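Here's the structure we're looking at; comments come further down.
Protein chains: 2
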Amino acid sequence: MARAREKPVTARPPAAGVTLWRRIADDLERAIAAGDIAAGEKLPGETEIAARFGVNRHTVRRAIAELAGRGLVRAARGSGTFVEGGRLAYPISARTRFSEIVGTAGREAGGRLVASRLEPADGAIARRLKIPKGTPVVRLDFVRSANGVPLSAGTTWLPAARAPDAAKIYEATGSITRVLAAAGISDYRRYSTRVTAAVADAIDAARLDLSPGRPLLVVESVDVTPDGKPITTSTGRFAADRVELMVEN
Amino acid sequence: MARAREKPVTARPPAAGVTLWRRIADDLERAIAAGDIAAGEKLPGETEIAARFGVNRHTVRRAIAELAGRGLVRAARGSGTFVEGGRLAYPISARTRFSEIVGTAGREAGGRLVASRLEPADGAIARRLKIPKGTPVVRLDFVRSANGVPLSAGTTWLPAARAPDAAKIYEATGSITRVLAAAGISDYRRYSTRVTAAVADAIDAARLDLSPGRPLLVVESVDVTPDGKPITTSTGRFAADRVELMVEN
DNA sequence: ACTTATTTGTTCGTATGTATG
DNA sequence: ACATACATACGAACAAATAAG
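Line by line, the protein sequences are chains A and B.
According to numbering that gives the first Met the number 0, the first sequence is numbered sequentially starting from 0.
According to numbering that gives the first Met the number 0, the second sequence is numbered sequentially starting from 0.
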């Protein structure tokens, strides 16, 4: 029977055939959609929600897991569960710089270098950079974030001859722009951008702190010097729940 | 029970409600989309694929027939099955026209009007078209395809005052450009484009002929007259496996 | 620097309802 | 009617991260 409890606060019909956790998830979703809990705000604690609905904490967790799986909220151990904010508008233009874009949006840009190494350019990279296949290139793998929330995981390649110690400089400054500046390239611009989508696998999920199965924007870009010579190319996987690419014509 | 087999090599969840051949077709499609098998390359033999998945060759044939039907691969008796073209490159520019883009790629553009009706503009549409909320707008839902393969399912809105019988004209001509021409708008250009990603639900899957869970590109755009007045706005869901958006600066 | 309280995450166990063959 | 499998729901305890004093 299981319902010899005091009384749930939600005066709603039993809704036959709908599980408890589902009803709680719907209630929370409605509260979020209605703006009762604004973007960025913290949800009540699990125990509090459980008490309010008169259910076990596990049931609340199941409901929250559902919302988290859909990217509506994000749980952070030790601090709480937060409503995901609106997507960060990420303009794609000739002058596309990660840190500038994030900064303009009033958030703090972060970049963590995951790995770096020297490797010969494979066919695809060589074609993008217009260099002979096999030319040594520096490869930088990193995760970029705004206010500590990971936005994208990706790789940037640049010819090793241009910037032999790119990794070191990036680690010190946290900026690709600075790496290029140190290599004597004071300015550059976005030449081409190709966009597709994918679904996060376990690796993406771990890097971007989201659940597997969530959508990703896959962005492949080439940057050139002011006189049109390719200087870097990147492939990035963006959490689509957190970013929105914008093209203005 | 159906799983008294040895063990499929693909360690993927059962994906309830999806037939075996469909899953194999998706796996092959993904491998092709990811470039594991490049355009023009030959697929492994049917018997080899069957062995790898631990299924009967007939099941593989059914999967390949599906891909062939969608134009992704081409089977040639006696020599093998070959991958056709890759993703359709879809440039986003001031002059973005579906039929032109598909035509330039050497494929035949198709558009099927799924539904149309007159409705008051909600907040989001009103903002995009810069009209008062509640203004009557014509809403056209359609599925667009190339060589019979669905590429996108979406909706276009335009102020009813501009083109009262938009649906009729679209049905006759199959072109939004013609609809606008009939309304006295000889030219228009893309003003803004916003791109995010999503995961296909059952409805998307049915409309775009793909399986639920596959990635989609969600494109929201506004077109304006040459003097900058918003004239149409659209939201489209593109099968990311078949399309690649391109931005050139 | 340290402690304490709070909050989510994880792992046991138990019981029950439901669908399947 | 029965056995089995699975998802749901509850309970208790502890681990781990975070925030506050």
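We treat Cβ as the ideally placed atom computed from N, Cα and C, and that holds for glycine.
Quick caveat: nothing in here was measured; it's all calculated off a predicted structure.
Looking at chain B, is there any beta carbon in it that lies within less than 8 angstroms of the beta carbon of residue i?
i, result
"A197 of chain A", "yes"
"E243 of chain A", "yes"
"R86 of chain A", "yes"
"E247 of chain A", "yes"
"G44 of chain A", "no"
"L157 of chain A", "no"
"T232 of chain A", "no"
"L207 of chain A", "no"
"L216 of chain A", "yes"
"P229 of chain A", "no"
Could you check where the alpha helix (DSSP H) with residue i kicks off and where it finishes?
i, result
"A205 of chain A", "201-207"
"E45 of chain A", "45-52"
"R61 of chain A", "56-68"
"A165 of chain B", "165-172"
"S220 of chain A", "First-last for S220 of chain A: 214-223, but that is the beta strand (DSSP E), not the alpha helix (DSSP H)."
"I175 of chain B", "175-181"
Give a yes or no on whether 8 angstroms exceeds the smallest Cβ distance from residue i to chain A.
i, result
"A239 of chain B", "yes"
"Y190 of chain B", "yes"
"V113 of chain B", "no"
"R193 of chain B", "yes"
"G53 of chain B", "no"
"G212 of chain B", "yes"
"A38 of chain B", "no"
"A93 of chain B", "yes"
"A10 of chain B", "Legend: pLDDT at A10 of chain B = 35, less than 50; position of this residue unreliable, value from coordinates given subsequently. No - not a single Cβ of chain A is within 8 angstroms of the one on A10 of chain B."
Looking at the secondary structure, which residues open and close the beta strand (DSSP E) in which residue i lies?
i, result
"Y190 of chain B", "188-198"
"A32 of chain A", "First-last for A32 of chain A: 19-32, but that is the alpha helix (DSSP H), not the beta strand (DSSP E)."
"G255 of chain A", "Any answer about residue 255 of chain A is impossible in this case: the structure gives chain A only from 0 up to 248."
"T232 of chain B", "229-238"
"G110 of chain B", "108-119"
"T134 of chain B", "Where T134 of chain B is concerned, there is no enclosing beta strand (DSSP E), given that its DSSP letter is neither H nor E."
"T95 of chain B", "No beta strand (DSSP E) contains T95 of chain B, which DSSP labels as neither H nor E."
"A125 of chain B", "Here A125 of chain B belongs to no beta strand (DSSP E); instead the alpha helix (DSSP H) covers 122-128."
"S151 of chain B", "148-158"
"P90 of chain A", "87-90"
"A74 of chain B", "72-75"
"E243 of chain B", "242-247"
Which whole-angstrom value is the C-beta distance of residue i and residue j, which I expect to be below 8 angstroms?
i, j, result
"V246 of chain A", "I91 of chain B", "5 angstroms"
"F278 of chain B", "K129 of chain B", "No statement about residue 278 of chain B is possible, as the shown extent of chain B runs from 0 to 248 and does not include it."
"I36 of chain A", "L71 of chain A", "No, I36 of chain A and L71 of chain A are not in contact; Cβ-Cβ is about 10 angstroms, not under 8 angstroms."
"L112 of chain A", "A238 of chain A", "With 8 angstroms as the limit, L112 of chain A and A238 of chain A do not qualify as a contact, their Cβ atoms being about 19 angstroms apart."
"A145 of chain A", "R193 of chain A", "Not quite, the Cβ-Cβ distance comes to about 23 angstroms (not below 8 angstroms), so this is no contact."
"V178 of chain B", "A160 of chain B", "V178 of chain B to A160 of chain B, Cβ: 14 angstroms. No contact."
"I175 of chain A", "T224 of chain A", "That belief does not hold up - the Cβ atoms of I175 of chain A and T224 of chain A are roughly 14 angstroms apart, past 8 angstroms."
"G79 of chain A", "G44 of chain A", "7 angstroms"
"A120 of chain A", "G133 of chain A", "6 angstroms"
"L209 of chain A", "D164 of chain A", "Wrong, their Cβ atoms sit about 33 angstroms apart, outside the cutoff."
"A166 of chain B", "S115 of chain B", "4 angstroms"
"R86 of chain A", "E243 of chain A", "4 angstroms"
Inset, instruction - Give a yes or no on contact between the segment 122-140 of chain A and the segment 151-162 of chain A, applying the rule of three or more CB pairs nearer than 8 angstroms. - result: yes
Legend entry - Cβ contact check for the segment 80-97 of chain A and the segment 184-194 of chain A: 3 or more pairs under 8 angstroms: The segment 80-97 of chain A is in contact with the segment 184-194 of chain A.
Inset, instruction - Could you tell me whether the segment 213-222 of chain B touches the segment 191-202 of chain B, where touching means 3 or more Cβ pairs closer than 8 angstroms? - result: yes
Inset, instruction - Pair every Cβ in the segment 15-29 of chain A with every Cβ in the segment 49-64 of chain A, then say whether three or more of these pairs are closer than 8 angstroms. - result: yes
Inset, instruction - Count the CB pairs spanning the segment 226-236 of chain B and the segment 118-133 of chain B that are closer than 8 angstroms, and state whether there are at least three. - result: yes
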